[in-house]
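Working notes for the structure below.
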Ligand code: AMP
Ligand code: ZN
């Protein structure tokens, strides 16, 4: 399979350091506020990359940090009259909650910067000893000019960077390109004791020390948004190169920016929507579907009109799975299955081909929709004779492939029928078993019977009891069935 390595600006065959295993790291958020959907796009992209690698059979170890000490957190705490630790804890929890709501898998390892100070100090000491860093007052700086590999991640040239570099406010730095590994504490700021006096780590230091500690260098894949390529990832790589004489990562992957009317979505521009706000209004499946229609490296234009537009697509996909399952359990099964079986095989092959080409999720979705269309045609043609085996295989393929993209359909979405149906069926239909699916059938049959006998009161009582569970009765050509009520 091909993966685009941003370090070399080209796709390359995926070769892992250890056979069958992948160690990957994606820079996590600075926890001072709710994340916006631009941030979420980056985290979603790597969630899908991870899911697909697991689907391919790789054993993936995924680490993501929480940057829980930073100027932005300290400023927010000061504004609100709280401690930085309180702010960081609140937004760490908020981040984890919204990621789960967005159906993003938890990382295997989630280190917090404030719990890793020792590993960072060890790395800084080593850099000082090796002449790659120097102490000025209580600050420690990384000496960019002394790093022979500087520029390898982002392809930048140190001399050209110098031309563009602003003369910084801090006159103590030997070179404007140097960056802080350790920042001396200012009054009222959170700080830790260190050989250079009380202070806190620089942002670039965190990820590098955590990667080394938890995954070892080099790792297979290091990811983040394209805005992190320089200077953040460049600086991370420079530290690893000078501290341990190892590359930090073999493959660098960067996602394109989510934009609004052509501008990058960002806190500073004020053109943002938080993930929470969007997930309060739209299901995670819809937001994922919209975002995955664009390749992860391309910019993505976000608008609520586009998001509204995918709702119908998602409904058709969900409907297709429901109809296939329904046909599988209700049709005679006498019909031919070749056409649908072939469509399933084609969809699986096209999905793999697209995703093997640098995670082309738009192509993966096209394969899923191709199968959906073929399945709908098959159901229309086969009618009551549909083949149960073929319908089940098609429904399974739709659920599985969409699931690789984290789009949960049917049973995978946890839309099983509620257990309360068993009690209702006992009351209204004399049902004595304990299966919600059987209870649903018994209730529908009882309502049908009541209607046939023109016992409208009983028929309505059954319908109302079902509605009270948030379910609606849908009358189809093959009989009635229950489905979740539209909200
Ligand atoms: P931050 O908390 O600012 O470090 O951002 C967390 C992640 O979101 C980083 O990987 C950023 O590159 C990424 N990011 C920030 N803004 C956007 C955007 N508009 N579109 C996509 N990713 C973004
Ligand atoms: Zn990082």
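Residue numbers (our numbering): 328 to 814. Just so it is clear, CB atoms sit at the ideal spot from N, CA and C, and this is done for glycine as well.
Worksheet item: Can at least three beta-carbon pairs, one atom from the stretch 567–577 and one from the stretch 449–459, be found at a separation below 8 angstroms?
Response: Taking 8 angstroms as the limit for Cβ pairs, the verdict is that the stretch 449–459 does touch the stretch 567–577.
Worksheet item: Can you pull the DSSP bridge partners for residue 649?
Response: BP columns for residue 649 are empty, so no partner.
Worksheet entry | Test item: CB-CB of residue 488 and residue 504 under 9 angstroms | Going by beta carbons, residue 488 and residue 504 fall inside the 9 angstroms limit.
Worksheet item: Anyone know if the C-beta pair for residue 450 and residue 549 falls short of 9 angstroms?
Response: For residue 450 and residue 549, no; Cβs fall outside 9 angstroms.
Item to complete: Whole angstroms is fine: what's the gap from residue 337's alpha carbon to residue 579's?
Response: 11 angstroms
Fill in: Distance, residue 467 Cα to residue 575 Cα
21 angstroms
Worksheet entry | Counted within 10 angstroms of its Cβ, other Cβ atoms place residue 814 as buried (16 or more) or exposed | At residue 814 the pLDDT is 44, less than 50, meaning the model places this residue with poor confidence; the figure from the coordinates comes in the next sentence. Result: exposed.
Worksheet item: Which of helix, strand or coil does DSSP assign to residue 371?
Response: helix
Discussion item. Less than 7 angstroms between C-beta atoms, sequence neighbours within five positions excluded: which residues of the same chain meet that for residue 744?
Written reply: Excluding its 5 nearest sequence neighbours in each direction, residue 744 has C-beta neighbours in its own chain below 7 angstroms: 763, 764, 767 and 809, listed in chain order.
Worksheet item: Which residues are close to the ligand ZN, meaning CB closer than 5 angstroms to any heavy atom, in chain order?
Response: 354 and 534
Worksheet item: In the structure shown, what three-state DSSP assignment does residue 379 receive?
Response: helix
Worksheet entry | Buried or exposed by the 16-neighbour rule on C-beta atoms within 10 Å, applied to residue 664 | Buried, since its Cβ has 16 or more Cβ neighbours within 10 Å.
Worksheet item: Which term fits residue 653, buried or exposed, when burial requires 16 or more other beta carbons within 10 angstroms of its beta carbon?
Response: buried
Worksheet entry | Whether residue 387 touches residue 348 by CB criterion (9 angstroms) | yes
Fill in: Within 9 angstroms, strictly: CB atoms of residue 480 and residue 557
yes
Worksheet item: Which term fits residue 704, buried or exposed, when burial requires 16 or more other beta carbons within 10 angstroms of its beta carbon?
Response: exposed
Practice prompt. Output the boundary residues of the alpha helix (DSSP H) element that contains residue 749.
Written response: Its alpha helix (DSSP H) spans residues 747–756.
Worksheet entry | Span of the alpha helix (DSSP H) around residue 407 | 398–407
Fill in: Any C-beta of chain C under 9 angstroms from that of residue 652
In the structure shown, chain C cannot be found, because there is only a single protein chain.
Worksheet item: What do you get for residue 702, buried or exposed, if any count of 16 or more other CB atoms within 10 angstroms of its CB means buried?
Response: buried
Worksheet item: For residue 400, which residues of its own chain have a beta-carbon under 6 angstroms away from its beta-carbon, when the five flanking residues on both sides are left out?
Response: 359, 411, 414 and 415
Worksheet item: residue 549: beta carbon under 8 angstroms from a heavy atom of the ligand AMP?
Response: Flag unset: Cβ of residue 549 not near the ligand AMP.
Worksheet item: What residue does the beta strand (DSSP E) around residue 350 start on, and which one ends it?
Response: 348–353
Worksheet item: Where residue 799 and residue 650 are concerned, what is the direct C-alpha to C-alpha distance, given to the nearest angstrom?
Response: 16 angstroms
Worksheet item: Where in the stretch 539–616 do unbroken runs of the alpha helix (DSSP H), each at least 4 residues long, occur, reported from the N-terminal end onward?
Response: 561–571 and 602–608
Fill in: Secondary structure of residue 814, DSSP reduced to three states
With a pLDDT of only 44 at residue 814, under 50, the local geometry of the prediction cannot be trusted, and no value is derived from it.
Worksheet item: Quick one, are the C-beta atoms of residue 773 and residue 756 less than 9 angstroms apart?
Response: yes
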